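Everything below concerns the one structure shown next.
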Amino acid sequence: MSGSIHPQQLTPHARQRRSFLRVGGVTLAASAAQLLHGRVTTAAPSADRIASADQVVCLWLPGGVTHHESFDPKPQAPEEVRGPIRPIDTCVPGIQFAETLPHLARQADKMAVVRSFAAGTNDHFDGQAYALSGRNILPNGILSEPNFGCVIHHQLGATAGLPGYIAVPGSTRPGPPNTDMFVPAWLGQEYAPFCTMGEPRDADFRVRDLGLLEGISNNRFARRQSLRNEVESRLSAVERPGAFEGMQQLYGRALDLMTSPKVREAFDLAQEAEPAKEKYGRTKVGQRCLLVRRLIDAGARFVMMDYGYDWGDYNNLWDNHCAPGQNQPHMWKMCKVPYHLPAVDQAFAALIDDLAISGRLERTLVVFFTEFGRTPQINSNGGRDHWGYSGSIFYAGGGVQGGQVIGTTDSIGGYCKTRTYSPADAVATVYKAVGIDPHQTLLDRQNRPVPIQSTGEAIPVF
């Protein structure tokens, strides 16, 4: 992967001091309730918290989505920059998107597009860690800071019996080496995301670790649960009280996930009517976004739609160098491949539209993030390379004033002409929406004070 730093020196997360007993069908899955020793701290929302959003959807497209062929077309640029992709009018006079986004163009009145977003790095690992955490960290520490979804879970708690941070499917692994960047870091594993894994558009899609293992009946499960409870009650006498209490809480949460019909229903795409599936598109991104909508409807606090390094089709779908090993067509053809920008356009627009129709958009913040944009120049292979000096993201719902564009880039989309907004600013904007002070100090697992963010101010989208 061009421009990537290979963090071979990364150390794995600390292992839990003592694994829970596995008794038949009763397991604490890593994605459901990963455990580490130490206390469990669930922060209660402040009584004076001012928030415009109660729920958050993060539409995460790692790899570096082209801004030229999406939200920041440059019709006056030289042909070698703009190519044949035309700009189209949106429903907001004076705002244009690229022709690849006709559905989102009709939702522009609900969107605040930020065109002067810049990560300041051309490296995937650095840019993604920065975007997911809001903290600009050194390459050898890309797993040292918690995702902002973990912070929201920590500060505001889980809702509706669902995990506080759900990633659909949470399988992005940039590399080499393949690296899981969905991390709670110093917050502790109890705030790690619940990753559905699997592929929602598949007919046999089933969320892992949700329900009983094959061959385990309800009666058998109840007997083994009773046995486990008896064993754990004896162990509690010799365990450190705080640690045991925390692990018991996590076990209880995992058990609730495994046995709750309401939770299983929220994850069950089979209950969606065929017209809804068609509205979102029968693509990977379409059905993932449909599952996100179901989870938000069920009351989930924070849901991420993760789409990037699934290693199928054209390798990383958004890292469009068009290098020989990627087997991609020219950039101007690639962005029209049905499951590239056209699929994103259909799925994102359907999600925003459904949330608006249901009335949930008013209190649900929808954000689209990617780590950086692409170069103004087309390279010799017909692709665009990493470009950390400009790019586009957007916000919708949750108190956002729609129908606006914030920031501008130069005539070829190379550099920001107005104030540049960093990933720290982008994440601080999410925190502001949910009523979290991004500069407040939290205690890590060693009781050391750590600010949520050391830099970053909210972008004026509200």
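Heads up: the sequence shown is residues 25 to 486, going by my numbering. By construction, the Cβ of each residue, glycine as well, lies at the ideal position given by its N, Cα and C atoms. Note that the structure is predicted; figures quoted are calculated from it, not measured.
With contact defined as three or more Cβ pairs closer than 8 angstroms, the segment 381-399 and the segment 118-131 are not in contact.
For Y215, the secondary structure class from DSSP, reduced to helix, strand or coil, is helix.
Secondary structure remark: continuous alpha helix (DSSP H) runs of at least 4 residues inside the segment 115-182, in chain order: 126-129, 148-157, 172-180.
Fewer than three Cβ pairs drawn from the segment 362-370 and the segment 214-232 lie within less than 8 angstroms of each other, which leaves the two stretches out of contact. Collapsing the DSSP output to three states places L375 in a helix. Taking 9 angstroms as the cut-off, the Cβ atoms of Y419 and A101 do not count as close. Across the structure, F149 and G158 are spaced so that their CA atoms are roughly 13 angstroms apart. For I320, there is no enclosing beta strand (DSSP E); the residue is part of the alpha helix (DSSP H) that begins and ends at 308-321. Between the segment 168-177 and the segment 451-462 there are three or more C-beta pairs closer than 8 angstroms, enough to call the two in contact.
For a cut-off of 8 angstroms, the C-beta gap from A452 to A482 is around 5 angstroms, short enough to register as a contact. Per DSSP, the beta bridge partners of I112 are F121.
Per DSSP, the unbroken alpha helix (DSSP H) holding W356 starts and ends at 355-358. The segment 408-425 and the segment 140-147 touch, with no fewer than 3 CB-CB distances between them shorter than 8 angstroms.
Residue burial is scored here from C-beta neighbours: N344 has at least 16 other C-beta atoms within 10 angstroms and is therefore classed as buried.
Excluding five sequence positions before and after P99, the CB atoms of its chain that fall closer than 7 angstroms to its own CB belong to R106, P111, given in chain order. Shortest Cα-Cα distance from R408 to any of Q120, Q131, W342 involves W342. Contact between V138 and I430 holds, since their C-beta atoms are separated by about 5 angstroms, short of 8 angstroms. From the listed residues L180, L83, W356, L162, the smallest Cα separation to N403 is found for W356.
The Cβ atoms of R472 and A77 lie no closer than 9 angstroms to each other. In the DSSP annotation of this structure, P193 is not part of any beta strand (DSSP E), being labelled neither H nor E.
For V451, the enclosing alpha helix (DSSP H) stretches over residues 447-458. Judged by their CB atoms, A227 and S168 are not nearer to each other than the 9 angstroms cut-off. In the three-state DSSP reduction, W84 falls in the strand class (E or B). Distance from F95 to G188 at the Cβ level is roughly 30 angstroms; contact not present, criterion being Cβ atoms closer than 8 angstroms. With a cutoff of 9 angstroms on beta-carbon distance, D330 and W84 are scored as near each other.
Under DSSP, T465 takes part in a beta bridge, and its partners are P475. Taken through DSSP and simplified to helix, strand or coil, V429 comes out as strand.
For Y419, there is no enclosing alpha helix (DSSP H); the enclosing beta strand (DSSP E) has its first and last residue at 417-420. For the pair I320 and V81, the CB atoms are nearer than the 9 angstroms cut-off. DSSP places V105 in the uninterrupted alpha helix (DSSP H) bounded by 103-106. R398 carries a strand assignment under DSSP once its states are collapsed to helix, strand and coil.
In the same chain as G438, and ignoring 5 residues on each side of it, the C-beta atoms closer than 7 angstroms to its own belong to P400, Y413, S414, in chain order.
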